[in-house]
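Student: The structure that follows is given in the form of structure tokens.
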Amino acid sequence: MQLSEDEVGIQEILGGEDTHAKNQLAFDLPSRLIAKIFLFRTIFRGSGWSFANDPDFMHVSASAKFWDEMNAKFYAKYKGIDRVHKQWTKTVMAGKPIEGPLGRSWTIPIGRDYKGELRVPLTTLSNYPVKCSGLVW
């Protein structure tokens with residue numbers, strides 16, 4: 066939450082809240098463990114398809130649309146994370162590196178989607194600065 070400056074997430078951490086239990090209720094997930102996996106996969110932009118095809122989540126729903134809607138609810142709650150991902154996407158599409166708060170920078174390669182259009186690989190975009198910065202979301 067530190068990296069994204071997400072106010073809701075920061076307040077949950079500082080308040081000592083059980084974020085996973087809270088999200089289990091907020092997103093109507095069957096267990097705290099599923100809520101925990103959901104949180105981390107969603108932070109790193111796991112797609113609805115990835116949830117719908119994961120045996121650990123298929124008992125909740127095998128619908129990619131269902132999980133895309135869950136992801137949208139997550140980003141509606143954690144607006145700071147969504148905002149920083151969108152900001153980083155614009156930076157990368159402009160051909161610039163992402164710059165971290167400690168001065169380190171990361172160049173994320175732009176790829177092409179199944180239609181051949183340029184796109185930023187969101188899982189790489191969201192994962193790389195976190196792994197390499199030593200900071201937490």
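In our numbering, each number is its position in the sequence shown, counted from 1, plus 65.
Each residue gets a CB set at the ideal place from its N, CA and C atoms; glycine is no exception.
Every value quoted in this text rests on a predicted model; they were computed, and no experiment measured them.
(1) Locate the alpha helix (DSSP H) running through Leu-104, then write down its first and last residues.
(2) So, for Arg-177: in the same chain, excluding its five sequence neighbours on each side, which residues have a beta-carbon less than 7 Å away from its beta-carbon?
(3) Can you tell me whether Arg-169 is helix, strand or coil according to DSSP?
(4) So, are the CB atoms of Thr-189 and Ile-163 less than 8 Å apart?
(5) Considering only the beta carbon of each residue, do Gly-111 and Asp-133 sit closer than 8 Å?
(6) Going by DSSP, what residue range makes up the alpha helix (DSSP H) through Phe-92?
(7) Using the rule of at least 16 other Cβ atoms within 10 Å of the residue's Cβ for burial, across every protein chain shown, is Ser-96 buried or exposed?
(8) In three-state terms, what does DSSP make of Gly-145?
(9) May I ask you to report which of helix, strand or coil DSSP gives Ile-163?
(10) What number of angstroms, rounded off, separates the C-alpha of His-100 from the C-alpha of Val-125?
(11) Given Arg-214, which residues of its chain have a CB within under 8 Å of its CB, disregarding the five upstream and five downstream residues?
(12) What do you reckon, are the CB atoms on Ile-175 and Val-157 nearer than 8 Å?
(13) Going by DSSP, what residues sit across from Leu-183 in a beta bridge?
(14) Could you check whether Tyr-140 and Trp-171 sit closer than 8 Å to each other, using their CB atoms as the reference points?
Tutor: Based on what the coordinates show:
(1) Numbered from 1 along the sequence shown, position 39 holds the residue referred to as residue 104. Its alpha helix (DSSP H) spans residues 97 to 108.
(2) One-based indexing of the sequence shown puts residue 177 at position 112. Taken in chain order, the residues that qualify are Leu-183, Arg-184.
(3) Position 104 of the sequence shown, counted from the first residue, corresponds to residue 169. Arg-169 falls in the coil class under three-state DSSP.
(4) As a position in the sequence shown, residue 189 is number 124, starting the count at 1. As a position in the sequence shown, residue 163 is number 98, starting the count at 1. No, they are not a contact pair.
(5) As a position in the sequence shown, residue 111 is number 46, starting the count at 1. As a position in the sequence shown, residue 133 is number 68, starting the count at 1. No; because the gap between Cβ atoms is not below 8 Å, this pair is not in contact.
(6) Here the question's residue 92 lines up with position 27 in the sequence shown. Phe-92 -> no alpha helix (DSSP H), and no H or E assigned at all.
(7) As a working note, residue 96 is residue 31 in the sequence shown. Exposed, because fewer than 16 other Cβ atoms sit within 10 Å of the Cβ of Ser-96.
(8) Here the question's residue 145 lines up with position 80 in the sequence shown. Looking at Gly-145 - three-state DSSP - the assignment turns out to be helix.
(9) Numbered from 1 along the sequence shown, position 98 holds the residue referred to as residue 163. Of the three classes helix, strand and coil, the one that applies to Ile-163 here is strand, per DSSP.
(10) The sequence position of residue 100 within the sequence shown is 35, counting from 1. The sequence position of residue 125 within the sequence shown is 60, counting from 1. The residue asked about is misnamed: residue 100 is Ala in this sequence, not His. In a straight line, the C-alpha of Ala-100 is about 11 Å away from that of Val-125.
(11) Here the chain comprises residues numbered 66 to 202, so residue 214 is not present and cannot be evaluated.
(12) Translated into the one-based positions of the sequence shown, residue 175 becomes position 110. Translated into the one-based positions of the sequence shown, residue 157 becomes position 92. Contact flag set, yes.
(13) As a first step, residue 183 is located in the sequence shown; it is residue number 118 there, counting from the start. Note: Leu-183 sits in a beta bridge opposite Arg-177.
(14) To locate residue 171, count along the sequence shown from 1; it is residue 106. To locate residue 140, count along the sequence shown from 1; it is residue 75. Against a cut-off of 8 Å, the Cβ pair of Tyr-140 and Trp-171 comes out as no contact.
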